[in-house]
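**Q**
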Amino acid sequence: MPIRNIAVGRPEEATQPDALRAALAEFISTLIFVFAGSGSGMAFNKLTDNGATTPAGLVAASIAHGLGLFVAVSVGANISGGHVNPAVTFGAFVGGNISLLRGILYWIAQLLGSTVACLLLKFATSDMTVPAFGLSSGVGVWNAVVFEIVMTFGLVYTVYATAVDPKKGDLGVIAPLAIGFIVGANILAGGAFDGASMNPFLGKVESHCAWWAENRGYGLIGDERSELIQQREGIKERIVVTVEVDSFSHGGKLQGINNKCEESVKVED
Numbered sequence: 009m010p011i012r013n014i015a016v017g018r019p020e021e022a023t024q025p026d027a028l029r030a031a032l033a034e035f036i037s038t039l040i041f042v043f044a045g046s047g048s049g050m051a052f053n054k055l056t057d058n059g060a061t062t063p064a065g066l067v068a069a070s071i072a073h074g075l076g077l078f079v080a081v082s083v084g085a086n087i088s089g090g091h092v093n094p095a096v097t098f099g100a101f102v103g104g105n106i107s108l109l110r111g112i113l114y115w116i117a118q119l120l121g122s123t124v125a126c127l128l129l130k131f132a133t134s135d136m137t138v139p140a141f142g143l144s145s146g147v148g149v150w151n152a153v154v155f156e157i158v159m160t161f162g163l164v165y166t167v168y169a170t171a172v173d174p175k176k177g178d179l180g181v182i183a184p185l186a187i188g189f190i191v192g193a194n195i196l197a198g199g200a201f202d203g204a205s206m207n208p209f210l211g212k213v214e215s216h217c218a219w220w221a222e223n224r225g226y227g228l229i230g231d232e233r234s235e236l237i238q239q240r241e242g243i244k245e246r247i248v249v250t251v252e253v254d255s256f257s258h259g260g261k262l263q264g265i266n267n268k269c270e271e272s273v274k275v276e277d
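In the numbering used here, the protein residues as written are 9 to 277.
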């Protein structure tokens, strides 16, 4: 690949209608993908009492992400190329298929799409915890690095072979289908170890949402205990609240925090 194919782009490109349409397409496609993928995990948790930590949950996540990405790539393919992933966008830039400026527009749109999808999930599910990525027990950082390098390479290579390479011919629906399949297969392969992110924005945004929810939960617990301690003397009822926090991770995905409260009432003479 000649270095001269890499282009920075001109400032006016950021205001061109086709660039803005492409960025909007990336925003919508990423929102669709993250909402479907993360939302399926939350729905599985609700239906099975955090059953996403089971092998069936991993299979469900693989299917949901594969189908969601198939649709997301399909709807954006003719407008932006249907990247839906900053790693794919970076590969397209290095390959000379888009300019750096357009790539930055795509990255911003993808970040916003992921963020809005997580916020919509938080609102639609009455503040349930959005699944996040992390390492499973016994998995080291370098193990996860190898997983992510191999899986991301497989994804980007599949995108190039089916959707970017000018020699590929017209593959039509095969391209987004193949891209969805490779993501689903990678989740089955790496999901139990590091969550199989393959997407830096997806991992960062979902981890932030989960961190915010967890710390907010601890804050509410602290406020509740503080109110109990500050009860005035002479009250007839004293409420004791015991909170058990069960926070666990399986397959690199933080499934959420379950708060169990037991109340007992003691009447003082």
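Ideal Cβ placement from N, Cα and C applies to all residues, glycine included.
In this text, all values refer to a predicted model and were calculated from it rather than measured experimentally.
#1: Helix, strand or coil: which one does DSSP assign to A132?
#2: Mark D202 as exposed unless 16 or more other C-beta atoms lie within 10 angstroms of its C-beta, in which case mark it buried.
#3: Please report how far the alpha carbon of F35 lies from the alpha carbon of S145, in whole angstroms.
#4: Using a threshold of 8 Å, state whether the C-beta atoms of I87 and A30 are closer than that.
#5: From L28 to E20, what does the alpha carbon distance come to, in whole angstroms?
#6: State the start and end residues of the unbroken alpha helix (DSSP H) segment that holds M50.
#7: Here's a check: name, in chain order, each residue in its chain whose Cβ is nearer than 8 Å to the Cβ of Y168, leaving out the five neighbours to either side.
#8: So, are the CB atoms of T38 and V92 less than 8 Å apart?
#9: Between the C-alpha atoms of S46 and Q24, what's the straight-line distance to the nearest angstrom?
#10: Since I believe I195 is in contact with H73 (beta carbons under 8 Å), could you give me their beta-carbon distance rounded to a whole number of angstroms?
#11: Does DSSP put N86 in a helix, a strand or coil?
#12: So the candidates are A33, F52, D26; which of them puts its Cα closest to the Cα of T133?
#13: Which word fits L129, buried or exposed, when buried means at least 16 other C-beta atoms lie within 10 angstroms of its C-beta?
#14: For the alpha helix (DSSP H) containing G198, list its first residue and its last residue.
#15: Report yes if the CB atom of P184 is closer than 8 Å to the CB atom of S82, and no otherwise.
#16: Within 10 angstroms of the Cβ of V191, are there 16 or more other Cβ atoms? Answer buried if so, exposed if not.
#17: Go ahead and label G142 buried or exposed: buried means 16 or more other beta carbons lie within 10 angstroms of its beta carbon, across all protein chains shown.
#18: N151 lies in the alpha helix (DSSP H); which residues open and close that run?
#19: For I182 and F78, what's the separation of their Cα atoms in angstroms?
#20: Under 8 Å, do L119 and V16 count as touching if we go by C-beta distance?
#21: Just checking my contact of T160 with A95 at CB under 8 Å: how many whole Å lie between their CB atoms?
#22: Rounded to whole angstroms, what is the Cα-Cα separation between P139 and D173?
#23: What residue range is occupied by the uninterrupted alpha helix (DSSP H) comprising T97?
#24: Considering only C-alpha positions, which residue in the set I106, L32, R18 is nearest to A117?
**A** So, from the listed chains and residues:
#1: Here A132 sits in helix by DSSP.
#2: The residue is buried, with at least 16 neighbouring Cβ atoms inside 10 Å.
#3: Spanning the two alpha carbons is a distance of roughly 34 Å.
#4: It is a contact, given that the beta carbons lie within the stated cut-off.
#5: Straight-line spacing of the CA atoms in L28 and E20 works out to 11 Å.
#6: Here the alpha helix (DSSP H) through M50 covers 25 to 56.
#7: Once the five neighbours on either side are set aside, the close Cβ partners of Y168 are G99, G103.
#8: Cβ atoms of T38 and V92: closer than 8 Å.
#9: Cα to Cα, S46 sits roughly 33 Å from Q24.
#10: Correct: roughly 6 Å between the Cβ atoms.
#11: Of the three classes helix, strand and coil, the one that applies to N86 here is coil, per DSSP.
#12: Closest in C-alpha terms to T133, from the list A33, F52, D26, comes F52.
#13: L129 comes out buried.
#14: Per DSSP, the continuous alpha helix (DSSP H) segment holding G198 begins and ends at 182 to 202.
#15: Taking 8 Å as the Cβ cut-off, P184 and S82 qualify as a contacting pair.
#16: With 16 or more Cβ atoms within 10 Å of its Cβ, V191 is classed as buried.
#17: Buried is the call here.
#18: The continuous alpha helix (DSSP H) containing N151 extends over residues 149 to 167.
#19: Straight-line Cα distance between these residues: approximately 10 Å.
#20: The answer is no: Cβ separation not under 8 Å.
#21: A95 and T160 do touch by the CB rule: their CB atoms are close to 5 Å apart, below 8 Å.
#22: When rounded, the distance between both Cα atoms is 34 Å.
#23: Run containing T97: 94 to 102, per the alpha helix (DSSP H) assignment.
#24: The shortest C-alpha separation from A117 is found at L32.
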